[in-house]
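Accompanying notes for the structure given below.
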Amino acid sequence: MFYIEESAPGFEPTIPIQFTESVSNNNWEDWRWQLRHSIKDIETVERLLGMEFSPAKRAKLEETVARFPISITPYYFSLIDRDNFENDPVFMQSVPDPAELIISRHDRSDPLSEDRDSPVIGVTHRYPDRVLFHVSNLCSMYCRHCTRKRKVGDIDSIPGRNSLQAGIEYIKNTPVIRDVLLSGGDPFMLSDELLDWLLGELRAIDHVEVIRIGTRTPVVLPQRITDNLAKIIAKHHPVWINTHFNHPREVTGRSIEALNKLANAGVPLGNQSVLLAGINDCPRIYKNLVHKLVMNRVRPYYLYQCDLSEGLSHFRTPVGKGIEIVESLIGHTSGFAVPTYVIDAPGGGGKIPVMPNYLISWSTNKVILRNYEGVISTYKEPDSYQPFFCDRNCSDCHLTLSLDNDCHETRVIGISQLLADFHKTTTLIPEDNLRIQRREDG
281 MFYIEESAPG FEPTIPIQFT ESVSNNNWED WRWQLRHSIK DIETVERLLG
331 MEFSPAKRAK LEETVARFPI SITPYYFSLI DRDNFENDPV FMQSVPDPAE
381 LIISRHDRSD PLSEDRDSPV IGVTHRYPDR VLFHVSNLCS MYCRHCTRKR
431 KVGDIDSIPG RNSLQAGIEY IKNTPVIRDV LLSGGDPFML SDELLDWLLG
481 ELRAIDHVEV IRIGTRTPVV LPQRITDNLA KIIAKHHPVW INTHFNHPRE
531 VTGRSIEALN KLANAGVPLG NQSVLLAGIN DCPRIYKNLV HKLVMNRVRP
581 YYLYQCDLSE GLSHFRTPVG KGIEIVESLI GHTSGFAVPT YVIDAPGGGG
631 KIPVMPNYLI SWSTNKVILR NYEGVISTYK EPDSYQPFFC DRNCSDCHLT
681 LSLDNDCHET RVIGISQLLA DFHKTTTLIP EDNLRIQRRE DG
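Residues 281 to 722 in this note's numbering are what the sequence shown lists, from first letter to last.
Encoded structure:
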(Lines of atoms letter the chains of each structure in order from A and count residues from 1; the text may use other names and numbers.)
(Lines give C-alpha, C1' and ligand atoms only; values in the text may rest on other atoms or scores of the structure.)
Protein backbone atom coordinates (compact mmCIF):
# COMPACT_ATOMS: atom_id res chain seq x y z
CA MET A 1 0.00 0.00 0.00
CA PHE A 2 1.11 3.53 -0.79
CA TYR A 3 -0.41 6.77 0.35
CA ILE A 4 -0.59 10.23 -1.15
CA GLU A 5 2.21 12.44 0.09
CA GLU A 6 1.06 15.20 2.40
CA SER A 7 2.71 17.74 0.10
CA ALA A 8 0.48 16.73 -2.80
CA PRO A 9 -1.72 19.63 -3.91
CA GLY A 10 -5.26 19.27 -2.68
CA PHE A 11 -4.40 16.73 -0.03
CA GLU A 12 -5.81 17.23 3.43
CA PRO A 13 -2.94 15.94 5.65
CA THR A 14 -5.23 14.87 8.50
CA ILE A 15 -7.13 12.45 6.25
CA PRO A 16 -4.71 10.06 4.49
CA ILE A 17 -6.04 7.91 1.67
CA GLN A 18 -4.50 4.64 0.51
CA PHE A 19 -4.15 3.29 -3.00
CA THR A 20 -2.60 0.15 -4.46
CA GLU A 21 -0.16 2.14 -6.54
CA SER A 22 2.14 5.06 -5.98
CA VAL A 23 0.54 8.45 -6.60
CA SER A 24 2.80 11.24 -7.77
CA ASN A 25 1.94 14.91 -7.47
CA ASN A 26 1.61 15.11 -11.24
CA ASN A 27 -0.88 12.24 -11.31
CA TRP A 28 -2.91 13.75 -8.50
CA GLU A 29 -3.19 17.05 -10.37
CA ASP A 30 -4.26 15.39 -13.62
CA TRP A 31 -8.07 15.54 -13.76
CA ARG A 32 -8.18 12.67 -16.24
CA TRP A 33 -6.15 10.54 -13.81
CA GLN A 34 -8.68 11.41 -11.13
CA LEU A 35 -11.52 10.20 -13.39
CA ARG A 36 -9.69 7.00 -14.37
CA HIS A 37 -9.16 6.17 -10.69
CA SER A 38 -12.68 7.02 -9.51
CA ILE A 39 -14.06 4.71 -6.83
CA LYS A 40 -16.84 2.69 -8.45
CA ASP A 41 -17.56 -0.20 -6.09
CA ILE A 42 -18.17 -0.92 -2.41
CA GLU A 43 -15.09 -3.14 -2.11
CA THR A 44 -12.83 -0.20 -2.94
CA VAL A 45 -14.69 2.01 -0.46
CA GLU A 46 -14.01 -0.57 2.27
CA ARG A 47 -10.36 -0.94 1.31
CA LEU A 48 -9.69 2.80 1.26
CA LEU A 49 -11.49 3.34 4.55
CA GLY A 50 -9.70 0.39 6.15
CA MET A 51 -12.94 -1.28 7.29
CA GLU A 52 -15.62 -3.78 6.29
CA PHE A 53 -19.39 -3.43 6.28
CA SER A 54 -21.46 -6.19 7.83
CA PRO A 55 -22.62 -8.84 5.31
CA ALA A 56 -26.22 -7.60 5.55
CA LYS A 57 -25.21 -3.94 5.09
CA ARG A 58 -22.90 -4.83 2.23
CA ALA A 59 -25.67 -6.73 0.43
CA LYS A 60 -27.99 -3.70 0.69
CA LEU A 61 -25.22 -1.39 -0.51
CA GLU A 62 -24.60 -3.63 -3.54
CA GLU A 63 -28.31 -3.56 -4.30
CA THR A 64 -28.25 0.23 -4.08
CA VAL A 65 -25.28 0.50 -6.45
CA ALA A 66 -27.04 -1.76 -8.94
CA ARG A 67 -29.84 0.80 -9.20
CA PHE A 68 -27.93 4.03 -8.54
CA PRO A 69 -24.25 3.69 -9.56
CA ILE A 70 -21.31 4.99 -7.55
CA SER A 71 -18.43 7.13 -8.79
CA ILE A 72 -16.23 9.21 -6.46
CA THR A 73 -13.05 11.03 -7.41
CA PRO A 74 -9.97 10.18 -5.30
CA TYR A 75 -9.70 13.86 -4.38
CA TYR A 76 -13.22 14.08 -2.96
CA PHE A 77 -12.91 10.71 -1.23
CA SER A 78 -9.73 11.94 0.46
CA LEU A 79 -11.79 14.51 2.36
CA ILE A 80 -13.72 11.83 4.29
CA ASP A 81 -13.00 11.64 8.02
CA ARG A 82 -12.20 7.93 8.35
CA ASP A 83 -12.63 8.03 12.13
CA ASN A 84 -16.27 9.09 11.86
CA PHE A 85 -17.13 8.32 8.25
CA GLU A 86 -20.81 7.41 8.69
CA ASN A 87 -21.55 10.93 10.01
CA ASP A 88 -19.18 12.65 7.60
CA PRO A 89 -20.84 15.10 5.15
CA VAL A 90 -18.50 14.09 2.31
CA PHE A 91 -19.18 10.38 2.87
CA MET A 92 -22.95 10.95 3.00
CA GLN A 93 -22.95 12.84 -0.31
CA SER A 94 -20.79 10.37 -2.20
CA VAL A 95 -21.16 6.83 -0.81
CA PRO A 96 -24.44 4.97 -1.46
CA ASP A 97 -26.96 4.52 1.32
CA PRO A 98 -29.57 1.72 1.33
CA ALA A 99 -32.13 4.43 2.17
CA GLU A 100 -31.95 5.33 -1.53
CA LEU A 101 -33.93 2.15 -2.23
CA ILE A 102 -36.92 3.60 -0.36
CA ILE A 103 -39.08 5.11 -3.08
CA SER A 104 -42.00 7.01 -1.58
CA ARG A 105 -45.29 7.47 -3.40
CA HIS A 106 -44.46 11.14 -3.90
CA ASP A 107 -41.10 10.47 -5.58
CA ARG A 108 -40.75 10.95 -9.33
CA SER A 109 -38.05 9.97 -11.80
CA ASP A 110 -38.42 13.40 -13.46
CA PRO A 111 -39.80 15.57 -10.64
CA LEU A 112 -39.32 18.85 -12.50
CA SER A 113 -40.85 17.59 -15.78
CA GLU A 114 -37.73 18.63 -17.66
CA ASP A 115 -38.33 16.03 -20.37
CA ARG A 116 -41.90 17.25 -20.95
CA ASP A 117 -40.65 20.82 -21.43
CA SER A 118 -38.05 19.72 -23.99
CA PRO A 119 -38.75 20.99 -27.55
CA VAL A 120 -35.63 19.23 -28.90
CA ILE A 121 -33.29 16.66 -27.40
CA GLY A 122 -31.10 18.25 -24.75
CA VAL A 123 -33.01 21.52 -24.33
CA THR A 124 -35.50 22.36 -21.56
CA HIS A 125 -37.42 25.56 -22.33
CA ARG A 126 -39.43 26.46 -19.25
CA TYR A 127 -38.99 30.19 -18.68
CA PRO A 128 -39.81 32.72 -21.43
CA ASP A 129 -36.31 34.07 -22.14
CA ARG A 130 -33.91 31.30 -21.14
CA VAL A 131 -33.24 27.63 -21.67
CA LEU A 132 -31.43 24.78 -19.96
CA PHE A 133 -29.05 23.03 -22.36
CA HIS A 134 -28.09 19.49 -21.27
CA VAL A 135 -24.66 19.03 -22.83
CA SER A 136 -23.42 15.96 -20.95
CA ASN A 137 -24.76 13.02 -18.96
CA LEU A 138 -21.36 12.43 -17.39
CA CYS A 139 -20.38 13.80 -13.98
CA SER A 140 -17.02 13.68 -12.27
CA MET A 141 -18.90 12.29 -9.25
CA TYR A 142 -22.37 10.86 -8.77
CA CYS A 143 -23.88 12.88 -5.95
CA ARG A 144 -26.28 10.77 -3.91
CA HIS A 145 -28.79 13.65 -3.79
CA CYS A 146 -28.83 14.23 -7.57
CA THR A 147 -32.18 15.34 -8.95
CA ARG A 148 -31.37 13.80 -12.36
CA LYS A 149 -30.65 10.25 -11.26
CA ARG A 150 -32.72 9.11 -14.24
CA LYS A 151 -29.97 10.44 -16.54
CA VAL A 152 -26.72 10.91 -14.70
CA GLY A 153 -24.92 7.69 -13.81
CA ASP A 154 -27.13 5.40 -15.84
CA ILE A 155 -25.51 6.12 -19.19
CA ASP A 156 -22.11 7.80 -19.28
CA SER A 157 -22.19 9.84 -22.46
CA ILE A 158 -20.76 13.05 -23.78
CA PRO A 159 -22.52 14.16 -26.97
CA GLY A 160 -20.51 15.13 -30.02
CA ARG A 161 -20.96 18.21 -32.15
CA ASN A 162 -23.72 16.61 -34.23
CA SER A 163 -25.74 15.79 -31.11
CA LEU A 164 -25.34 19.32 -29.75
CA GLN A 165 -26.24 20.93 -33.06
CA ALA A 166 -29.99 20.35 -32.62
CA GLY A 167 -29.97 22.36 -29.40
CA ILE A 168 -27.86 25.09 -30.95
CA GLU A 169 -30.25 25.36 -33.91
CA TYR A 170 -33.27 25.60 -31.60
CA ILE A 171 -31.63 28.42 -29.65
CA LYS A 172 -30.61 30.13 -32.89
CA ASN A 173 -34.17 29.93 -34.26
CA THR A 174 -35.86 31.15 -31.06
CA PRO A 175 -35.05 34.88 -30.75
CA VAL A 176 -36.74 35.24 -27.35
CA ILE A 177 -33.87 33.26 -25.75
CA ARG A 178 -31.33 35.64 -24.25
CA ASP A 179 -29.84 33.38 -21.56
CA VAL A 180 -28.49 29.83 -22.02
CA LEU A 181 -27.59 27.64 -19.04
CA LEU A 182 -25.26 24.74 -19.82
CA SER A 183 -25.93 21.83 -17.52
CA GLY A 184 -25.83 18.05 -17.45
CA GLY A 185 -24.22 15.95 -15.98
CA ASP A 186 -21.40 18.41 -15.86
CA PRO A 187 -20.44 20.64 -18.82
CA PHE A 188 -16.82 20.63 -17.68
CA MET A 189 -16.65 16.94 -18.56
CA LEU A 190 -16.47 18.13 -22.16
CA SER A 191 -12.99 18.42 -23.60
CA ASP A 192 -11.45 21.88 -23.80
CA GLU A 193 -11.80 21.79 -27.58
CA LEU A 194 -15.47 20.81 -27.59
CA LEU A 195 -16.35 23.33 -24.87
CA ASP A 196 -14.54 26.08 -26.77
CA TRP A 197 -16.49 25.21 -29.93
CA LEU A 198 -19.81 25.09 -28.08
CA LEU A 199 -19.29 28.43 -26.35
CA GLY A 200 -18.23 29.94 -29.66
CA GLU A 201 -21.38 28.69 -31.40
CA LEU A 202 -23.60 30.15 -28.68
CA ARG A 203 -21.71 33.43 -28.53
CA ALA A 204 -22.19 33.84 -32.30
CA ILE A 205 -25.99 33.96 -31.84
CA ASP A 206 -26.93 37.64 -31.70
CA HIS A 207 -29.83 37.32 -29.24
CA VAL A 208 -27.89 35.22 -26.71
CA GLU A 209 -26.72 37.79 -24.20
CA VAL A 210 -25.56 35.58 -21.32
CA ILE A 211 -24.12 32.08 -21.09
CA ARG A 212 -24.18 30.28 -17.76
CA ILE A 213 -22.47 27.05 -16.73
CA GLY A 214 -23.53 24.84 -13.83
CA THR A 215 -20.68 22.69 -12.53
CA ARG A 216 -19.60 20.85 -9.39
CA THR A 217 -16.01 20.31 -10.51
CA PRO A 218 -14.56 23.03 -8.20
CA VAL A 219 -15.97 20.95 -5.33
CA VAL A 220 -15.31 17.35 -6.34
CA LEU A 221 -12.65 17.67 -9.08
CA PRO A 222 -10.90 21.05 -8.74
CA GLN A 223 -8.05 19.74 -10.91
CA ARG A 224 -10.36 20.21 -13.92
CA ILE A 225 -10.15 23.99 -13.52
CA THR A 226 -6.92 24.44 -15.44
CA ASP A 227 -5.31 27.64 -16.70
CA ASN A 228 -6.30 26.66 -20.24
CA LEU A 229 -9.94 26.11 -19.27
CA ALA A 230 -10.04 29.54 -17.61
CA LYS A 231 -8.63 31.12 -20.79
CA ILE A 232 -11.25 29.41 -22.94
CA ILE A 233 -14.08 30.68 -20.76
CA ALA A 234 -12.64 34.21 -20.74
CA LYS A 235 -12.71 34.21 -24.57
CA HIS A 236 -16.50 33.98 -24.59
CA HIS A 237 -17.59 36.46 -21.91
CA PRO A 238 -20.05 37.20 -20.48
CA VAL A 239 -19.99 33.69 -18.98
CA TRP A 240 -21.34 33.12 -15.47
CA ILE A 241 -20.60 30.00 -13.44
CA ASN A 242 -22.65 28.52 -10.61
CA THR A 243 -21.04 25.80 -8.56
CA HIS A 244 -22.40 23.55 -5.81
CA PHE A 245 -20.80 23.63 -2.36
CA ASN A 246 -23.05 22.13 0.33
CA HIS A 247 -20.78 22.05 3.39
CA PRO A 248 -17.84 24.16 4.62
CA ARG A 249 -15.64 21.04 4.70
CA GLU A 250 -15.76 21.10 0.90
CA VAL A 251 -14.09 24.52 0.75
CA THR A 252 -10.49 23.28 0.77
CA GLY A 253 -7.23 24.90 -0.24
CA ARG A 254 -7.41 23.06 -3.57
CA SER A 255 -10.98 24.11 -4.30
CA ILE A 256 -10.10 27.71 -3.42
CA GLU A 257 -7.28 27.56 -5.97
CA ALA A 258 -9.79 26.48 -8.63
CA LEU A 259 -12.20 29.26 -7.68
CA ASN A 260 -9.40 31.81 -7.86
CA LYS A 261 -8.54 30.78 -11.41
CA LEU A 262 -12.11 31.32 -12.51
CA ALA A 263 -12.58 34.59 -10.63
CA ASN A 264 -9.26 35.94 -11.91
CA ALA A 265 -10.45 35.14 -15.44
CA GLY A 266 -13.33 37.55 -14.87
CA VAL A 267 -16.00 34.92 -14.27
CA PRO A 268 -18.83 35.94 -11.88
CA LEU A 269 -19.25 33.01 -9.49
CA GLY A 270 -22.37 31.86 -7.68
CA ASN A 271 -23.23 28.87 -5.53
CA GLN A 272 -26.32 26.68 -5.46
CA SER A 273 -26.65 24.54 -2.34
CA VAL A 274 -29.17 21.82 -1.66
CA LEU A 275 -30.61 21.61 1.85
CA LEU A 276 -29.70 18.10 3.02
CA ALA A 277 -30.74 16.41 6.26
CA GLY A 278 -27.80 15.59 8.51
CA ILE A 279 -25.35 17.46 6.26
CA ASN A 280 -26.06 21.20 6.20
CA ASP A 281 -29.44 21.57 7.95
CA CYS A 282 -27.86 23.61 10.74
CA PRO A 283 -27.84 27.44 10.84
CA ARG A 284 -24.28 27.55 12.23
CA ILE A 285 -22.91 25.18 9.58
CA TYR A 286 -24.67 26.98 6.77
CA LYS A 287 -23.53 30.42 7.92
CA ASN A 288 -19.96 29.13 8.02
CA LEU A 289 -20.38 27.89 4.45
CA VAL A 290 -21.65 31.18 3.03
CA HIS A 291 -18.91 33.09 4.83
CA LYS A 292 -16.25 30.85 3.30
CA LEU A 293 -17.82 31.29 -0.11
CA VAL A 294 -17.94 35.09 -0.09
CA MET A 295 -14.34 35.17 1.17
CA ASN A 296 -13.47 33.45 -2.10
CA ARG A 297 -15.58 35.66 -4.39
CA VAL A 298 -18.49 33.24 -4.67
CA ARG A 299 -21.92 34.71 -4.04
CA PRO A 300 -24.53 32.38 -2.50
CA TYR A 301 -27.26 32.24 -5.14
CA TYR A 302 -29.84 29.57 -4.28
CA LEU A 303 -30.56 27.28 -1.35
CA TYR A 304 -32.70 24.52 -2.84
CA GLN A 305 -35.25 22.45 -1.03
CA CYS A 306 -34.34 18.85 -1.90
CA ASP A 307 -36.37 17.70 -4.91
CA LEU A 308 -38.85 14.82 -5.03
CA SER A 309 -36.52 12.60 -7.04
CA GLU A 310 -36.55 8.87 -6.44
CA GLY A 311 -34.59 7.72 -3.41
CA LEU A 312 -33.99 11.12 -1.82
CA SER A 313 -36.54 11.03 0.99
CA HIS A 314 -33.82 10.51 3.64
CA PHE A 315 -32.17 13.77 2.49
CA ARG A 316 -35.30 15.92 2.60
CA THR A 317 -36.02 18.32 5.46
CA PRO A 318 -39.23 20.18 6.33
CA VAL A 319 -39.52 23.50 4.50
CA GLY A 320 -39.49 25.17 7.92
CA LYS A 321 -35.86 24.17 8.35
CA GLY A 322 -34.86 26.15 5.26
CA ILE A 323 -36.81 29.19 6.47
CA GLU A 324 -35.07 28.89 9.84
CA ILE A 325 -31.66 28.91 8.13
CA VAL A 326 -32.50 31.98 6.05
CA GLU A 327 -33.90 33.68 9.14
CA SER A 328 -30.58 33.05 10.87
CA LEU A 329 -28.75 34.79 8.01
CA ILE A 330 -30.85 37.88 7.24
CA GLY A 331 -29.63 40.71 9.43
CA HIS A 332 -26.92 38.50 10.93
CA THR A 333 -24.55 38.59 7.95
CA SER A 334 -23.96 40.58 4.78
CA GLY A 335 -26.93 40.76 2.46
CA PHE A 336 -25.00 39.34 -0.49
CA ALA A 337 -24.17 36.28 1.64
CA VAL A 338 -27.86 35.32 1.92
CA PRO A 339 -29.11 32.94 -0.80
CA THR A 340 -32.69 32.80 -2.03
CA TYR A 341 -34.39 29.73 -0.58
CA VAL A 342 -36.43 28.08 -3.34
CA ILE A 343 -38.58 25.06 -4.02
CA ASP A 344 -38.27 23.88 -7.61
CA ALA A 345 -41.95 23.15 -8.06
CA PRO A 346 -42.84 19.54 -8.94
CA GLY A 347 -44.34 19.23 -12.40
CA GLY A 348 -42.25 21.99 -13.95
CA GLY A 349 -43.57 25.05 -12.13
CA GLY A 350 -40.07 26.48 -11.78
CA LYS A 351 -38.28 27.93 -8.78
CA ILE A 352 -40.58 29.41 -6.15
CA PRO A 353 -38.94 31.59 -3.46
CA VAL A 354 -39.91 30.60 0.09
CA MET A 355 -38.61 33.19 2.52
CA PRO A 356 -39.38 34.43 6.03
CA ASN A 357 -42.28 36.86 6.22
CA TYR A 358 -41.25 40.40 7.16
CA LEU A 359 -44.49 42.07 6.03
CA ILE A 360 -46.86 41.85 9.00
CA SER A 361 -49.82 43.85 7.73
CA TRP A 362 -50.79 46.80 5.56
CA SER A 363 -53.60 49.24 4.94
CA THR A 364 -54.34 51.99 2.42
CA ASN A 365 -51.77 54.34 3.94
CA LYS A 366 -49.36 52.21 5.95
CA VAL A 367 -47.25 49.07 5.77
CA ILE A 368 -46.28 47.29 8.99
CA LEU A 369 -42.92 45.54 8.88
CA ARG A 370 -40.69 43.63 11.28
CA ASN A 371 -36.92 43.32 11.15
CA TYR A 372 -34.57 40.46 12.04
CA GLU A 373 -34.56 41.54 15.72
CA GLY A 374 -38.34 41.47 15.99
CA VAL A 375 -38.57 45.28 15.95
CA ILE A 376 -41.89 46.30 14.36
CA SER A 377 -41.93 49.45 12.21
CA THR A 378 -44.42 51.47 10.18
CA TYR A 379 -43.71 52.60 6.63
CA LYS A 380 -45.93 55.47 5.46
CA GLU A 381 -47.32 55.07 1.95
CA PRO A 382 -47.47 58.18 -0.33
CA ASP A 383 -50.56 60.36 0.18
CA SER A 384 -51.08 60.70 -3.53
CA TYR A 385 -49.83 58.36 -6.21
CA GLN A 386 -51.01 58.79 -9.79
CA PRO A 387 -50.00 55.76 -11.82
CA PHE A 388 -49.44 56.18 -15.53
CA PHE A 389 -51.77 54.09 -17.66
CA CYS A 390 -49.85 51.86 -20.06
CA ASP A 391 -51.51 50.75 -23.31
CA ARG A 392 -48.40 48.79 -24.36
CA ASN A 393 -47.92 51.06 -27.38
CA CYS A 394 -44.21 51.45 -26.69
CA SER A 395 -43.37 53.17 -29.98
CA ASP A 396 -45.56 56.18 -29.05
CA CYS A 397 -44.54 56.31 -25.40
CA HIS A 398 -43.83 59.85 -24.18
CA LEU A 399 -43.27 59.09 -20.52
CA THR A 400 -40.08 60.14 -18.78
CA LEU A 401 -39.28 56.40 -18.59
CA SER A 402 -39.41 55.95 -22.36
CA LEU A 403 -37.77 52.81 -23.64
CA ASP A 404 -34.77 52.57 -25.90
CA ASN A 405 -34.15 49.91 -28.51
CA ASP A 406 -32.43 47.60 -26.03
CA CYS A 407 -35.58 47.09 -23.94
CA HIS A 408 -37.25 44.16 -25.61
CA GLU A 409 -40.95 43.48 -25.30
CA THR A 410 -42.00 40.17 -23.79
CA ARG A 411 -45.45 38.66 -23.46
CA VAL A 412 -46.69 38.88 -19.88
CA ILE A 413 -48.00 35.70 -18.29
CA GLY A 414 -49.19 34.55 -14.88
CA ILE A 415 -49.35 37.06 -12.05
CA SER A 416 -47.60 39.71 -14.18
CA GLN A 417 -50.55 39.48 -16.56
CA LEU A 418 -52.99 40.25 -13.74
CA LEU A 419 -50.88 43.19 -12.56
CA ALA A 420 -50.48 44.76 -16.01
CA ASP A 421 -52.95 47.62 -16.46
CA PHE A 422 -52.97 47.19 -20.24
CA HIS A 423 -54.20 43.58 -20.01
CA LYS A 424 -57.88 42.67 -19.74
CA THR A 425 -57.33 39.40 -17.87
CA THR A 426 -58.58 39.57 -14.28
CA THR A 427 -58.57 35.92 -13.22
CA LEU A 428 -56.36 32.87 -13.67
CA ILE A 429 -58.31 29.62 -13.45
CA PRO A 430 -56.81 26.10 -13.42
CA GLU A 431 -58.10 24.13 -16.38
CA ASP A 432 -59.47 21.33 -14.18
CA ASN A 433 -61.53 23.65 -11.96
CA LEU A 434 -64.78 21.76 -11.23
CA ARG A 435 -66.87 24.88 -10.70
CA ILE A 436 -65.96 26.24 -14.14
CA GLN A 437 -66.58 22.82 -15.70
CA ARG A 438 -70.08 22.80 -14.21
CA ARG A 439 -70.71 26.21 -15.77
CA GLU A 440 -69.59 24.99 -19.17
CA ASP A 441 -71.55 21.76 -18.87
CA GLY A 442 -74.64 23.70 -17.88
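The beta carbon of each residue, even a glycine, is placed where N, CA and C say it ideally should be.
Could you tell me whether the Cβ atoms of Leu462 and Val400 are closer together than 8 Å? no
Can you give, in chain order, each stretch of the alpha helix (DSSP H) that sits fully within the segment 557 to 642 and has at least 4 residues? 563 to 575 and 599 to 609
Quick one, which of Arg316, Lys320, Arg362 and Phe348 has its alpha-carbon nearest Met331's? Arg362
Straight-line Cα distance separating Arg650 from Ile640: 7 Å
For Leu555 and Pro598, what's the separation of their Cα atoms in angstroms? 10 Å
Going by DSSP, which residues form a beta bridge with Lys660? Lys646
Within 10 angstroms of the Cβ of Phe595, are there 16 or more other Cβ atoms? Answer buried if so, exposed if not. buried
Beta-carbon proximity of Ile322 to Arg338, cut-off 8 Å: Closer than 8 Å, so yes.
Can you give me the Cβ contacts of His425 inside the same chain, cut-off strictly under 7 Å, excluding the 5 residues immediately before and after it? Gln373, Val554, Leu556, Cys586, Leu592 and Phe595
Cβ-based burial, Val500 [other Cβ within 10 Å; buried from 16]: buried
How is the alpha helix (DSSP H) around Val500 delimited, first residue to last? Thr497 to Val500
Reduced DSSP category for Val519 - H, G, I as helix; E, B as strand; rest coil: strand
If you draw a straight line from the C-alpha of Arg388 to the C-alpha of Ala625, how long is it? 12 Å
Starting from Gly494, follow the beta strand (DSSP E) in both directions and report where the run begins and ends. That run of the beta strand (DSSP E) goes Val490 to Gly494.
Is the Cβ-Cβ distance between Val547 and Ala617 less than 8 Å? no
Do Lys320 and Pro378 count as a contact pair if the criterion is CB distance below 8 Å? No, the Cβ-Cβ distance between Pro378 and Lys320 is not below 8 Å.
Could you have a look at Tyr450 and say whether DSSP puts it in helix, strand or coil? helix
Report yes if the C-beta distance between Asn522 and Arg492 is below 8 Å; otherwise report no. It is a contact, given that the beta carbons lie within the stated cut-off.
Beta-carbon proximity of Leu583 to Gly611, cut-off 8 Å: no
So for Phe348, helix, strand or coil by DSSP? Three-state DSSP puts Phe348 in coil, outside helix and strand.
Between the alpha carbons of Gln697 and Thr706, how many angstroms are there, rounded? 8 Å
Who are the Cβ neighbours of Thr620 in its own chain at under 6 Å, not counting the five residues just before and after it? Tyr582 and Pro633
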